[in-house]
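Q:
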Amino acid sequence: MARKYILVSGGVVSGIGKGVIASSTGLLLKTTGLKVTSIKIDPYMNIDAGTMSPHEHGEVYVLNDGGEVDLDLGNYERYLNVTLARDHNITTGKIYRTVIESERKGSYLGKTVQIVPHLTTAIQDWVECVAKIPVDESDEEPDVCIVELGGTVGDIESAPFIEAMRQFQFRVGHENFALIHVSLVPDMHGEQKTKPTQATVRDLRGLGLLPDLVACRLISGVPLKAETKSKISMFCHVGEGQVVGVHDVSSVYHVPLLLESQGIIQYFQKRLDLTSLHIPPALVEKGARLHRRWKELTSGRDRYFDTVSIVLVGKYTESTDAYMSVQKSLEHAAFRCHRKLKLTYVESTHLEAETLETSPVQYHEAWRSLVSAGGVLVPGGFGIRGTEGMILAIKWAREQNKPFLGVCLGFQLAVVEWARNVCGLKQANSSEFDAETPDPVVIYMPEISKTHMGGTMRLGLRATMFSSGSDEWSKIRKLYAGKSTIWERHRHRYEVSPQHVKMLKASGLEFIGTDERGERMQVLELKNHPYFVGLQAHPEFCTRPLDPSPPFLGLIAASCGQDTLAEQMVNQLKTYVPPHPEASMVLNLDSVSGAAAATMTNGHEIHGKAAVVNGVLVEDQAEAA
Numbered sequence: 001m002a003r004k005y006i007l008v009s010g011g012v013v014s015g016i017g018k019g020v021i022a023s024s025t026g027l028l029l030k031t032t033g034l035k036v037t038s039i040k041i042d043p044y045m046n047i048d049a050g051t052m053s054p055h056e057h058g059e060v061y062v063l064n065d066g067g068e069v070d071l072d073l074g075n076y077e078r079y080l081n082v083t084l085a086r087d088h089n090i091t092t093g094k095i096y097r098t099v100i101e102s103e104r105k106g107s108y109l110g111k112t113v114q115i116v117p118h119l120t121t122a123i124q125d126w127v128e129c130v131a132k133i134p135v136d137e138s139d140e141e142p143d144v145c146i147v148e149l150g151g152t153v154g155d156i157e158s159a160p161f162i163e164a165m166r167q168f169q170f171r172v173g174h175e176n177f178a179l180i181h182v183s184l185v186p187d188m189h190g191e192q193k194t195k196p197t198q199a200t201v202r203d204l205r206g207l208g209l210l211p212d213l214v215a216c217r218l219i220s221g222v223p224l225k226a227e228t229k230s231k232i233s234m235f236c237h238v239g240e241g242q243v244v245g246v247h248d249v250s251s252v253y254h255v256p257l258l259l260e261s262q263g264i265i266q267y268f269q270k271r272l273d274l275t276s277l278h279i280p281p282a283l284v285e286k287g288a289r290l291h292r293r294w295k296e297l298t299s300g301r302d303r304y305f306d307t308v309s310i311v312l313v314g315k316y317t318e319s320t321d322a323y324m325s326v327q328k329s330l331e332h333a334a335f336r337c338h339r340k341l342k343l344t345y346v347e348s349t350h351l352e353a354e355t356l357e358t359s360p361v362q363y364h365e366a367w368r369s370l371v372s373a374g375g376v377l378v379p380g381g382f383g384i385r386g387t388e389g390m391i392l393a394i395k396w397a398r399e400q401n402k403p404f405l406g407v408c409l410g411f412q413l414a415v416v417e418w419a420r421n422v423c424g425l426k427q428a429n430s431s432e433f434d435a436e437t438p439d440p441v442v443i444y445m446p447e448i449s450k451t452h453m454g455g456t457m458r459l460g461l462r463a464t465m466f467s468s469g470s471d472e473w474s475k476i477r478k479l480y481a482g483k484s485t486i487w488e489r490h491r492h493r494y495e496v497s498p499q500h501v502k503m504l505k506a507s508g509l510e511f512i513g514t515d516e517r518g519e520r521m522q523v524l525e526l527k528n529h530p531y532f533v534g535l536q537a538h539p540e541f542c543t544r545p546l547d548p549s550p551p552f553l554g555l556i557a558a559s560c561g562q563d564t565l566a567e568q569m570v571n572q573l574k575t576y577v578p579p580h581p582e583a584s585m586v587l588n589l590d591s592v593s594g595a596a597a598a599t600m601t602n603g604h605e606i607h608g609k610a611a612v613v614n615g616v617l618v619e620d621q622a623e624a625a
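The opening residue of the sequence shown carries number 1 in full-length UniProt numbering; numbering runs sequentially from there.
1) Does any residue of chain B bring its CB to less than 9 Å from the CB of Ala159?
2) With a threshold of 7 Å on Cβ separation, who are the neighbours of Ser230 within its own chain once the five nearest residues in sequence on each side are excluded?
3) Tell me the DSSP secondary structure of Glu605 in three-state form.
4) Would you call Thr543 buried or exposed, if buried means 16 or more other Cβ atoms sit within 10 Å of its Cβ?
5) Is there contact between the segment 349-358 and the segment 566-578, where contact requires at least three CB pairs shorter than 8 Å?
6) Measure how close the beta-carbons of Ala334 and Ile556 come, nearest whole angstrom, since I'm counting them as under 8 Å.
7) State whether the segment 133-146 contacts the segment 67-83, with contact taken as three or more CB pairs (one from each stretch) at a distance under 8 Å.
8) DSSP three-state label for Ala2, please.
9) Apart from the five residues just before and just after Trp396, which ones in its own chain have a Cβ nearer than 8 Å to its Cβ?
10) If you run the structure through DSSP and keep just helix, strand and coil, what is Trp396?
11) So, are the CB atoms of Gly314 and Pro379 less than 9 Å apart?
12) Who are the near neighbours of Ile100 in its chain, counting only those whose CB is closer than 6 Å to its CB and skipping five residues on each side?
13) Looking at C-alpha atoms only, which residue of Leu28, Leu259, Ile6 and Leu546 is the closest neighbour of Val284?
14) Quick check on the burial criterion: 16 or more other C-beta atoms within 10 angstroms. Buried or exposed for Ser412?
15) Please return the same chain residues whose Cβ sits closer than 6 Å to the Cβ of Met390, not counting the five positions on each side in sequence.
16) Okay, do the segment 23-42 and the segment 168-179 touch, 3+ Cβ pairs below 8 Å being the bar?
17) Quick one: grab the DSSP three-state call for Asn75.
18) Determine, using beta-carbon pairs with one atom in the segment 525-534 and one in the segment 468-476, whether at least three such pairs fall under 8 Å.
19) If you run the structure through DSSP and keep just helix, strand and coil, what is Phe433?
20) Within the same chain, show all residues whose beta-carbon is closer than 6 Å to that of Pro548, passing over the 5 residues directly before and after it, in chain order.
21) Starting from Glu357, trace the beta strand (DSSP E) both ways and give me its first and last residue.
22) Quick one, which of Gln536, Phe532 and Lys286 has its alpha-carbon nearest Leu565's?
23) What would DSSP say about Asn571, mapped onto helix, strand or coil?
24) Are Arg166 and Leu119 touching if we call contact CB-CB under 9 Å?
25) Lys342 by DSSP, collapsed to three states: which one?
26) So the candidates are Asp87, Gly19 and Val12; which of them puts its Cα closest to the Cα of residue 643?
27) Since Gly406 contacts Thr464 with CB under 8 Å, what's their CB separation in whole angstroms?
28) Going by DSSP, name the residue or residues bridged to Arg462.
29) Would you call Pro539 buried or exposed, if buried means 16 or more other Cβ atoms sit within 10 Å of its Cβ?
30) Give the straight-line distance between the Cα atoms of Phe552 and Leu330, rounded to the nearest whole angstrom.
31) Decide if His604 is buried, meaning its Cβ has at least 16 other Cβ atoms within 10 Å, or exposed.
32) Beta-carbon within less than 6 Å of Gly386's beta-carbon, same chain only, minus the 5 sequence neighbours each way: which residues are those?
33) Could you pull out every unbroken beta strand (DSSP E) segment of at least 3 residues lying fully inside the segment 43-105, listed in chain order?
34) Just tell me which of Thr98, His181, Ser430 and Thr91 has its CA closest to the CA of Gly17.
35) Leu224 and Val244 - do their beta-carbons sit closer together than 9 Å?
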């Protein structure tokens, strides 16, 4: 049976929720027992998102294979509970590189290389190839591929991709291709305006693509009115049943059920003949179970009255998209603890003494937010700005016995804070911030390039081995169900200095988790503290709505109280499921770098002498064959 493709495009403005609608559509299809995968097309010239500013682009999401991709792939993984690879994120830069490399090899046999047909064909080949890659524990090819086209219809950057998709609908056949077009419906003094939607659908039709569903995004809590739906149906040449409204709801987790209530599953079952697919009874039951759990999640959230307050002390707080996965991890953990999350963002520079002189109001507001929170989170980041404020927040949490979680940079700064204030090394610092410090307790990893920025960090899924004896007292290990080895995704250039580890341990800083070789410190925890944990990894990239990330679950539970933490540690023994297929949980080598140029071969991405198989770097190409 041919694979089904659903393209999600957008019009009028960007950032109106195409990713959530694409993810929600995929989730609904999964509830019927289908295997679903997703691809995100980003029409920018960057090879990947790794070198893009979080202020401009939001967070850089990291995959098992070390791919640094758009944050929408995080939505796909969380909603669909799948494990994607870097090739599931297509950029203009990747496509141009592929075409240019093919031209240099002589693959076009002397032809004049053009946007049409060479670039558009490369896009179609990429989509068709990546759509076959298994993304879940079944290790079987997906039945349906959701393709989200970033940007808006009419952008110059999107033109080659629009043309490629126009051709692609004929390549795979009308019965295997459907299009959801997401458009803004503004509300002007109570009147829902349809002209922008009419215009964007007209542009789309002029480019050769006909929408099967028009998803009307309303930036308010007012649902799409019947007369608005009728008008869009008439002027956009679609039936009224093909116009769905997506208004603001209390949580994005309600969006799948909102779409379901408007008949989107039944529409696609008929439009793509999904009922002809022979779905095994076990998958049908699994899908039904997913549907029940999702409804329980959303209905339960609306009934929670108790709150839990967390303060996030970060560097990029003016754009909350920079901490998208962190926010979702906290939400998922709060769901598990039956609490509503109250998350406060504090710009770390506002905690520093200089701010007291320049802006005392900001200084006092920042400290008021910190001391009034139930728990403290210091996430990842780069650069010296704001790090002293983060260290002050860590010191306060440690001394006041407030639950604390440090992620990546937060982990490293917890080491710096301990070295300064417990070990007495007053000039201790990271060599990232002070290359001349006499006590560099955090250093540049020797194998990392200092000249190339893109794809040269320690990236992707890595193993952490817990030390023997830690199972008797460690809260974080119990939250990982007492396992001796755990798997989390990494993205960093710096590590704890091996020369200082012995001294730090002797003073009471417990490094209870290391890499496979026992050389790189990856998890720290304080024994006599309600919850003080740091991880070099980014556990937020592996959270799921129904299976929260253990470190974040610990922070939320400890912020609710020690009884809640004890309860969750017991529950994790029964409920914790690592969010990775077994095939991806093999010891991988730090010597593999994602810096080499990639080409597509039989659905695997080749990196020089390493390959990606099932989302994991393999050292030898022979192993990948």
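The beta-carbon is built from N, C-alpha and C at its ideal position, and this holds for glycine as well.
A: Taking the definition as stated:
1) In summary, chain B is missing from the structure at hand, where a single protein chain is found.
2) On the sequence shown, position 230 is the one that residue 230 refers to. Result list for Ser230: Glu240, in chain order.
3) Counting from one through the sequence shown, the residue named residue 605 turns up at place 605. The predicted model places Glu605 with a pLDDT of 43, which falls under 50 and marks its position as unreliable, so this point remains unresolved.
4) As a working note, residue 543 is residue 543 in the sequence shown. The residue is buried, with at least 16 neighbouring Cβ atoms inside 10 Å.
5) no
6) The residue given as residue 334 occupies position 334 in the sequence shown. The residue given as residue 556 occupies position 556 in the sequence shown. With a Cβ gap of about 5 Å, Ala334 and Ile556 count as contacting.
7) yes
8) On the sequence shown, position 2 is the one that residue 2 refers to. It is coil, neither helix nor strand.
9) Taking the first residue of the sequence shown as 1, we reach residue 396 at position 396. Result list for Trp396: Leu370, Val371, Val376 and Lys402, in chain order.
10) Taking the first residue of the sequence shown as 1, we reach residue 396 at position 396. The answer is helix: DSSP assigns Trp396 an H, G or I state.
11) Here the question's residue 314 lines up with position 314 in the sequence shown. Here the question's residue 379 lines up with position 379 in the sequence shown. Yes, the Cβ-Cβ distance between Gly314 and Pro379 is below 9 Å.
12) Start at 1 with the first residue of the sequence shown, and residue 100 comes out as number 100. None.
13) Along the sequence shown, read from residue 1 onward, the residue named residue 284 stands at position 284. Measuring from the Cα of Val284, the nearest candidate turns out to be Leu28.
14) Counting from one through the sequence shown, the residue named residue 412 turns up at place 412. Residue identity differs from the one stated: residue 412 is Gln in this sequence, not Ser. By the neighbour-count rule (16 or more Cβ atoms within 10 Å), Gln412 is buried.
15) Looking up residue 390 in the sequence shown gives position 390. Val313, Ser348, Val378 and Leu413.
16) no
17) Sequence index remark: in the sequence shown, residue 75 carries index 75 (1-based). Three-state result, Asn75: helix.
18) yes
19) Stepping through the sequence shown from its first residue, residue 433 is reached at position 433. Here Phe433 sits in coil by DSSP.
20) The sequence position of residue 548 within the sequence shown is 548, counting from 1. Only His332, Ala333 and Arg336 meet the Cβ criterion.
21) Counting from 1 along the sequence shown, the entry for residue 357 is found at position 357. Taken as a continuous stretch (DSSP letters only), Glu357 belongs to no beta strand (DSSP E), being part of the alpha helix (DSSP H) at Ala353 to Thr358.
22) Walking along the sequence shown from the start, residue 565 turns up at place 565. Out of Gln536, Phe532 and Lys286, Phe532 has the C-alpha closest to the C-alpha of Leu565.
23) Here residue 571 corresponds to residue number 571 of the sequence shown, with the count starting at 1. Asn571: helix per DSSP, three-state reduction.
24) Mapped onto the sequence shown, residue 166 falls at position 166. Mapped onto the sequence shown, residue 119 falls at position 119. Cβ atoms of Arg166 and Leu119: not closer than 9 Å.
25) Residue numbering aside, residue 342 sits at position 342 when the sequence shown is read from its first letter. Reduced to three states, the DSSP call for Lys342 is strand.
26) In the structure displayed, the chain extends from 1 to 625; residue 643 sits before or after that span and is not available.
27) Residue mapping note: residue 406 aligns to position 406 of the sequence shown, counting from 1. Residue mapping note: residue 464 aligns to position 464 of the sequence shown, counting from 1. Going by Cβ atoms, the distance from Gly406 to Thr464 rounds to 15 Å, so no, they are not a contact pair.
28) For the purposes of this step, residue 462 is identified with residue 462 of the sequence shown, where counting begins at 1. DSSP output for Arg462 lists Glu488 as bridge partner(s).
29) By one-based count along the sequence shown, residue 539 stands at place 539. So Pro539 ends up on the buried side.
30) Taking the sequence shown and counting its residues from 1, one reaches residue 552 at position 552. Taking the sequence shown and counting its residues from 1, one reaches residue 330 at position 330. If you take the alpha carbons of Phe552 and Leu330, they lie about 6 Å apart.
31) Indexing the sequence shown from 1 puts residue 604 at position 604. Its pLDDT being 40, under 50, His604 is placed unreliably in this model, and the coordinates cannot settle the point.
32) Counting from 1 along the sequence shown, the entry for residue 386 is found at position 386. Closer than 6 Å at the Cβ level, and outside the excluded window around Gly386, lie Lys315, Ser348 and Thr349.
33) 89-91
34) Taking the first residue of the sequence shown as position 1, residue 17 is located at position 17. Nearest of Thr98, His181, Ser430 and Thr91 to Gly17, Cα basis: His181.
35) As a working note, residue 244 is residue 244 in the sequence shown. As a working note, residue 224 is residue 224 in the sequence shown. A contact, by the Cβ cut-off of 9 Å.
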